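For the sequence shown, the residue numbers in my numbering are 143 to 247. Contents: one structure, followed by commentary.
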Amino acid sequence: HYEIINGTTNEDDVALIAIDFWESYDPEEVCKTGFALIGIGDTFNTKAVCFLCGSAGLDKLIHCACCCEPYHYYCVEGGGSGGSGADWWLVDWVCARCTLCHTCG
């Protein structure tokens, strides 16, 4: 199933995705837990953006070992779970969202 967009009916030219933008949210909660972005084609040409602040920036991103979402180190410093030592976040860091999921089951 696909819809006609911009006068074309070519299925390859149509993005098959539907999102409910009417879901209510608390801006303060979004700042604490993060948000996902969806982009298609040339309109969204960055490789990764921080799940918490939404910025790609120039700083290196770390990725959760469970959900693989990218984060700036300074956005999550002290948050989530991981090992000890200076480089703990390189291998086994888990974001706060996944830590809660894993704990609750």
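We put the CB at the ideal spot given by N, CA and C, even for glycine. Predicted model only: the values in this text are computed from it and were never measured.
For residue i, name the three-state secondary structure that DSSP assigns.
i	result
valine 236	strand
phenylalanine 193	coil
glutamate 219	coil
When burial is assigned at 16 or more other CB atoms within 10 Å of the CB, is residue i buried or exposed?
i	result
valine 218	buried
Please report how far the alpha carbon of residue i lies from the alpha carbon of residue j, in whole angstroms.
i	j	result
cysteine 237	tyrosine 216	13 Å
lysine 174	aspartate 201	20 Å
aspartate 234	histidine 214	15 Å
Tell me the DSSP bridge mates of residue i?
i	result
proline 212	His205
Just confirm the distance between the C-beta atoms of residue i and residue j, as a whole number of angstroms; I'd bet it's less than 8 Å.
i	j	result
cysteine 210	arginine 239	Rounded, the Cβ-Cβ distance is 12 Å, inconsistent with contact.
proline 212	phenylalanine 193	6 Å
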